[in-house]
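Participant: Provided herewith is a single structure, encoded as structure tokens, for subsequent inquiry.
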Amino acid sequence: DTEVTQTPKHLVMGMTNKKSLKCEQHMGHRAMYWYKQKAKKPPELMFVYSYEKLSINESVPSRFSPECPNSSLLNLHLHALQPEDSALYLCASSRTGGTSGYEQYFGPGTRLTVT
Amino acid sequence: GENVEQHPSTLSVQEGDSAVIKCTYSDSASNYFPWYKQELGKRPQLIIDIRSNVGEKKDQRIAVTLNKTAKHFSLHITETQPEDSAVYFCAASKRSSASKIIFGSGTRLSIRP
Chain A
1 DTEVTQTPKH LVMGMTNKKS LKCEQHMGHR AMYWYKQKAK KPPELMFVYS YEKLSINESV
61 PSRFSPECPN SSLLNLHLHA LQPEDSALYL CASSRTGGTS GYEQYFGPGT RLTVT
Chain B
1001 GENVEQHPST LSVQEGDSAV IKCTYSDSAS NYFPWYKQEL GKRPQLIIDI RSNVGEKKDQ
1061 RIAVTLNKTA KHFSLHITET QPEDSAVYFC AASKRSSASK IIFGSGTRLS IRP
């Protein structure tokens, strides 16, 4: 299984709502990532988890809260978002260790609209 | 930190012709260079990658070259087909506990019939 899955596919939320995005992989990867992608731009790294521990936070506002309950699951909790947070949110996973970087496998993304 | 520059931002080629996309990176410690293709509304998908101990790699119509001295790497697509139309991202990464990759700004490739 070389697939990363994400739910939901689409999400519309108001600025006062609380919602969560979910990501799952069963490739045995111990690194998982959250990216934000705006139209016509490259994916922008938000968070990296390595062995279920947060290893990188790219100065993301606290209204985004990541969680890694186990080695296969990654969540992104959303609270009090702004309209400018509307974007495609991509999850990815990869191997870790070794002497160089590894391919990241991306999920299909969640299209988020904040109203 | 690492910076990856990508050119051109848009590229239109006649079907059957070749397309070349170029990238430069700033961090000499980078040693893994993937290329991702992203079709409209879909996820980025790896199409080819190269590690710094190799100068060139080919997979059917796609090839990547790496010049470590100049910190340049390029994607070459030969005999282009309509299904090659997409946005292509180059990226650079280095050894770490988790592979943080830095993306280039993307190239929108259009294949004219």
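In the order they appear, the protein sequences are chains A and B. The opening residue of the first sequence carries number 1 in my numbering; numbering runs sequentially from there. The opening residue of the second sequence carries number 1001 in my numbering; numbering runs sequentially from there. Built from N, CA and C at the ideal position, the CB exists for glycine as well. The model shown is predicted, which means the values in this text are computed figures rather than measured ones.
(1) 8 angstroms is my cut-off, CB to CB: does A/E103 come that close to chain B?
(2) Taking only the alpha-carbon atoms, compute the straight-line gap between A/A86 and B/G1106 and give it to the nearest angstrom.
(3) Can you tell me where the beta strand (DSSP E) with A/L54 in it begins and where it stops?
(4) Which residues of chain A have a Cβ atom closer than 7 angstroms to the Cβ of B/P1082, listed in chain order?
(5) Looking only at its chain, what residues have a beta carbon closer than 7 angstroms to the beta carbon of A/H29, apart from the 5 residues adjacent to it on each side?
(6) According to the neighbour-count rule (16 or more other Cβ atoms, all chains shown, within 10 Å of its Cβ), is A/Q104 buried or exposed?
(7) Note the first and the last residue of the continuous beta strand (DSSP E) segment covering A/P66.
(8) DSSP beta-bridge partners for A/K116?
(9) Thinking C-alpha only, which one of B/R1112, B/K1037 and B/S1085 is nearest A/F106?
(10) Using beta-carbon positions only, say whether B/A1091 and B/F1103 come within less than 8 angstroms of one another.
(11) Run through chain B and tell me which residues come within less than 7 angstroms of A/P8, C-beta to C-beta.
(12) What first and last residue would you give for the beta strand (DSSP E) that runs through A/Q82?
(13) Return the first residue and the last residue of the beta strand (DSSP E) that B/L1011 is part of.
(14) If I follow the unbroken beta strand (DSSP E) through A/T110, where does it start and stop?
(15) Hey, quick one: how far does the beta strand (DSSP E) through B/K1100 stretch, first residue to last?
Facilitator: Working from what's here:
(1) yes
(2) It should be noted that the sequence gives Ser, not Ala, for residue 86 of chain A. Computed Cα separation, rounded: 20 angstroms.
(3) Here the beta strand (DSSP E) through A/L54 covers K53 to N57.
(4) Those within 7 angstroms of B/P1082 in chain A number zero; the least Cβ separation is about 21 angstroms.
(5) S93, S94 and R95
(6) buried
(7) F64 to N70
(8) This structure gives no information on residue 116 of chain A, because the portion of chain A shown stretches from 1 to 115.
(9) Among B/R1112, B/K1037 and B/S1085, the Cα nearest to that of A/F106 belongs to B/K1037.
(10) yes
(11) Scanning chain B for C-beta atoms nearer than 7 angstroms to the C-beta of A/P8 yields nothing, as the closest lies near 15 angstroms away.
(12) That residue, A/Q82, is in no beta strand (DSSP E); it is neither H nor E in DSSP.
(13) T1010 to Q1014
(14) Its beta strand (DSSP E) spans residues T110 to V114.
(15) No beta strand (DSSP E) contains B/K1100, which DSSP labels as neither H nor E.
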